[in-house]
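**Q** Chains as they are written, first to last, in our numbering: chain F, 82 to 287; chain A, 82 to 287.
By construction, the Cβ of each residue, glycine as well, lies at the ideal position given by its N, Cα and C atoms.
Values in this document were obtained by computation on a predicted structure and should not be read as measured data.
One structure follows; several queries about it will come next.
2 protein chains.
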Amino acid sequence: MPIELNSSADVAVAPRRGRPGYDRETLLSVCVDVFNRHGYDATSMGTLSKHLGISKSAIYHHVESKEAILEQALDRALDALEAVFERVLAGGSGPVNKLEQILDGSVHVLVDQMPYVTLLLRLRGNSEVELAALQRRRTLTRTVEELVRQAQEEGELRTDISGRSAPRLMLGMVNSIVDWYQPERSGAVDQLADTVVKMVFSGLRA
Amino acid sequence: MPIELNSSADVAVAPRRGRPGYDRETLLSVCVDVFNRHGYDATSMGTLSKHLGISKSAIYHHVESKEAILEQALDRALDALEAVFERVLAGGSGPVNKLEQILDGSVHVLVDQMPYVTLLLRLRGNSEVELAALQRRRTLTRTVEELVRQAQEEGELRTDISGRSAPRLMLGMVNSIVDWYQPERSGAVDQLADTVVKMVFSGLRA
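Written out as structure tokens, the structure reads:
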């Protein structure tokens, strides 16, 4: 089974002569869509084979297992989120400014990598790969929690709110984007990120 | 199969002589836990029978179908949320005050009825019952959207944010509670609701 290197994600969807060929990128993208539609646990290699229109052995030519596909997909989401956090934490600004940049950057990652982040957010933790991904996610939450704590200590954030709930609420707000964001109806991602940052730190009141 | 009327939700879990009897309330609660753990689509009447420890025909003594159980569970969540909205909308306050009361009341419903709301929030819309529930949910979102619009028009809320995204972000923040709230670690529900309302309308900045 030859691997055809397609440059565009929808090449494989177009009618072709013979069996469709996939590059790793397109294969990953189709599999993640199937996982998100049917649930990772409920998706078998047989289901993936049907949706990809290639045999199971052709899939195994590209990847070792269903779990290896999951791992690559979760890395995509987590690498992007972690890159935002690393970039922001390396900067010299104060904790509130860092939190603003983290929320802004996370909104951009959620929109750019929506299928991959959707998969991450719906994990149930039923395997080693899932548990490792959830652990990486928890580290990001703890970083936000720590920044909120610092900002409260330095008098930049109000202290009459729950320091445990506030970080989870602001991340929950950002994560909700995968449930309702429609690029064509919800406006530009920059405006969305701006709305999140304004709401969380300055509030909506005029 | 006799229906035993238990007054407490955990009576059925205690060891009993003969087959366990369920009141409707306990049956519903056990089924919803199974739906939330395995996914509604992936749960068969056979799975429910195993978890309940009673035969399928005994379940049919209580309910018509798996979908009837889903409908009752979704009604539980939606009736409670709609009751909050109706009470608040009947009041005489301005749109921002109404929004604050809606978020506060919704947080309380989410914590009080967490398994039922969790089920509602994870629906995929694969049946008539699910589509009807999603339609009721959409009506609530539209009500919040309309209140935000009114508040912006009356100068009570800032207008430099997205009027489409803001309502979905604030509801997404509230909905995230089912993903992370732990009564024993996250503090009292009143403090949680207060943190939500303060963050959304006044912002976290000191």
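Around the Cβ of residue 194(F), are there at least 16 other Cβ atoms within 10 angstroms (buried) or fewer (exposed)?
**A** For the purposes of this step, residue 194(F) is identified with residue 113 of the first sequence, where counting begins at 1. By the 10 Å Cβ count, residue 194(F) comes out buried.
**Q** Assuming contact is defined by CB atoms lying nearer than 7 angstroms, are residue 237(F) and residue 287(A) in contact in what I supplied?
**A** Along the first sequence, one-based indexing puts residue 237(F) at 156. Along the second sequence, one-based indexing puts residue 287(A) at 206. Yes. Within cutoff.
**Q** Using the beta-carbon count (16 or more within 10 Å), is residue 207(F) buried or exposed?
**A** Taking the first sequence and counting its residues from 1, one reaches residue 207(F) at position 126. So residue 207(F) ends up on the exposed side.
**Q** Determine the DSSP secondary structure at residue 203(F), reduced to helix, strand or coil.
**A** Taking the first residue of the first sequence as position 1, residue 203(F) is located at position 122. Residue state, collapsed to three classes: coil.
**Q** On the DSSP bridge assignment, give the partners of residue 286(F) in chain order.
**A** To locate residue 286(F), count along the first sequence from 1; it is residue 205. For residue 286(F), which the question treats as bridged, DSSP gives the partners 238(A).
**Q** Could you tell me whether the Cβ of residue 148(A) comes closer than 7 angstroms to any Cβ of chain D?
**A** Checking the listed chains, one finds no chain D in this structure; the protein chains it contains are F and A.
**Q** Could you check how far apart the C-beta atoms of residue 143(F) and residue 115(F) are, in whole angstroms? I think they sit under 8 angstroms.
**A** Here residue 143(F) refers to the residue found at position 62 of the first sequence. Here residue 115(F) refers to the residue found at position 34 of the first sequence. The pair is not a contact, with the Cβ atoms about 15 angstroms apart (cut-off 8 angstroms).
**Q** Given residue 281(A), which residues of its chain have a CB within under 6 angstroms of its CB, disregarding the five upstream and five downstream residues?
**A** Here the question's residue 281(A) lines up with position 200 in the second sequence. Closer than 6 angstroms at the Cβ level, and outside the excluded window around residue 281(A), lie 251.
**Q** Measure the Cβ-Cβ separation of residue 155(F) and residue 232(F) and say whether it is below 7 angstroms.
**A** Position 74 of the first sequence holds residue 155(F). Position 151 of the first sequence holds residue 232(F). Not in contact: residue 155(F) and residue 232(F) (Cβ atoms no closer than 7 angstroms).
**Q** Can you find at least 3 beta carbon pairs, one from the segment 171 to 182 of chain A and one from the segment 105 to 113 of chain A, that sit closer than 8 angstroms?
**A** Short answer: they don't touch.
**Q** Taking residue 117(F) and residue 200(F) to be in contact with their CB atoms under 8 angstroms, please state how far apart those CB atoms are, rounded to whole angstroms.
**A** Here residue 117(F) refers to the residue found at position 36 when the first sequence is read from its first residue. Here residue 200(F) refers to the residue found at position 119 when the first sequence is read from its first residue. With 8 angstroms as the limit, residue 117(F) and residue 200(F) qualify as a contact, their Cβ atoms being about 6 angstroms apart.
**Q** For the pair the segment 262 to 276 of chain F and the segment 266 to 281 of chain A, tell me if three or more CB-CB distances fall below 8 angstroms.
**A** With a cut-off of 8 angstroms, the segment 266 to 281 of chain A and the segment 262 to 276 of chain F do not count as touching, because too few Cβ pairs lie within range.
**Q** I'd like to check one pair, residue 165(A) with residue 134(A): are the Cβ atoms closer than 7 angstroms?
**A** Here the question's residue 134(A) lines up with position 53 in the second sequence. Here the question's residue 165(A) lines up with position 84 in the second sequence. Cβ atoms of residue 134(A) and residue 165(A): not closer than 7 angstroms.
**Q** Closer than 6 angstroms: is that where the CB of residue 236(A) sits relative to any heavy atom of the ligand MG?
**A** Looking for the ligand MG in the displayed structure turns up nothing, as the structure carries no ligands at all.
**Q** Using a cut-off of 8 angstroms between C-beta atoms, extract the partners of residue 123(F) located in chain A.
**A** Counting from one through the first sequence, the residue named residue 123(F) turns up at place 42. Those are 120, 122 and 123, listed as they occur along chain A.
**Q** Residues of chain A with CB closer than 7 angstroms to the CB of residue 287(F), please, in chain order.
**A** Within the first sequence, the letter at position 206 stands for residue 287(F). Within 7 angstroms Cβ-Cβ: 236, 237, 238 and 239.
**Q** Pull up the CB-CB distance for residue 217(F) and residue 159(F), whole angstroms please, since I reckon it's below 8 angstroms.
**A** Within the first sequence, the letter at position 136 stands for residue 217(F). Within the first sequence, the letter at position 78 stands for residue 159(F). Rounded, the Cβ-Cβ distance is 5 angstroms, consistent with contact.
**Q** Quick one: using the 10 Å Cβ neighbour count with 16 as the cut-off for buried, is residue 96(A) buried or exposed?
**A** The residue given as residue 96(A) occupies position 15 in the second sequence. Note that residue 96(A) has pLDDT 44, beneath the 50 cutoff, so the model's placement of it is unreliable and the number below is only indicative. Exposed.
**Q** Am I right that residue 262(F) and residue 192(F) are in contact with their C-beta atoms under 8 angstroms? What's the rounded C-beta distance?
**A** Position 181 of the first sequence, counted from the first residue, corresponds to residue 262(F). Position 111 of the first sequence, counted from the first residue, corresponds to residue 192(F). With 8 angstroms as the limit, residue 262(F) and residue 192(F) qualify as a contact, their Cβ atoms being about 6 angstroms apart.
**Q** Answer with buried or exposed for residue 253(A), where buried requires no fewer than 16 other C-beta atoms within 10 angstroms of its C-beta.
**A** Here residue 253(A) is taken as the residue at index 172 of the second sequence, counted from 1. Residue 253(A) comes out buried.
**Q** Can you grab the Cα-Cα spacing for the pair residue 163(A) / residue 265(A), in whole Å?
**A** Your numbering for residue 163(A) matches position 82 in the second sequence. Your numbering for residue 265(A) matches position 184 in the second sequence. Cα to Cα, residue 163(A) sits roughly 28 angstroms from residue 265(A).
**Q** Closest to residue 249(A) by C-alpha separation, out of 259(A), 223(A), 138(A) and 211(A), would be which residue?
**A** Locating residue 249(A) in the second sequence gives position 168, counting from the first residue. Closest by alpha carbon: 223(A).
**Q** Would you report the Cα separation of residue 161(A) and residue 239(F), rounded to the nearest angstrom?
**A** For the purposes of this step, residue 161(A) is taken as residue 80 along the second sequence, with counting starting at 1. For the purposes of this step, residue 239(F) is taken as residue 158 along the first sequence, with counting starting at 1. Each residue's Cα considered, the two are about 32 angstroms apart.
**Q** Within the same chain, show all residues whose beta-carbon is closer than 8 angstroms to that of residue 202(A), passing over the 5 residues directly before and after it, in chain order.
**A** Residue numbering aside, residue 202(A) sits at position 121 when the second sequence is read from its first letter. If we look at residue 202(A) and ignore the five residues flanking it on each side, its Cβ neighbours are 256 and 259.
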